[in-house]
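Novice: Quick one: the structure is below, and I'll ask about it shortly.
Numbering (our numbering), first residue to last: -17 to 67.
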C-alpha cells in the first residue's frame, strides 16, 4: 500500500465536511409517501407474491428524501455564469 495515498479516515472526514457544507447550501427535505399513495386493488396477478418482499418494498417506499431542484439551480447557475465571462 502506498504511503502517499490518503488514509481512509481522512477521506471519510473530507466526505463528512462536504456533506455538511452541501446540507447548509441545499438542505435535504423529507416526504411521507404513505399519505400520497393510493392503494388500488390489482387488476392482474402480481409477479411478486412473497409477503416479506412486499412488506419490505412498502416500508421502503413510505419515506423519501429529496433536494430542491430550485436550490440546486440557485447554487449551480451562478458558477456557470462566472465561467462564461
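Cβ coordinates follow ideal geometry from the N, Cα and C atoms, glycine included.
Model, not experiment: these values are computed from the prediction.
Should residue 13 and residue 57 be called a contact, given that it needs their Cβ atoms to be closer than 9 Å?
Specialist: Taking the first residue of the chain shown as 1, we reach residue 13 at position 31. Taking the first residue of the chain shown as 1, we reach residue 57 at position 75. No; because the gap between Cβ atoms is not below 9 Å, this pair is not in contact.
Novice: For residue -6, which three-state DSSP category applies?
Specialist: Here residue -6 refers to the residue found at position 12 when the chain shown is read from its first residue. Correct three-state label for residue -6: helix.
Novice: Less than 8 Å between the CB atoms is what I'm expecting for residue 48 and residue 11, so what's the real figure, rounded?
Specialist: Your numbering for residue 48 matches position 66 in the chain shown. Your numbering for residue 11 matches position 29 in the chain shown. The Cβ separation is near 6 Å, so the contact holds.
Novice: Residue range of the beta strand (DSSP E) that residue 13 falls in?
Specialist: Taking the chain shown and counting its residues from 1, the one referred to as residue 13 is at position 31. Secondary structure note for residue 13: its beta strand (DSSP E) is the uninterrupted segment 10 to 14.
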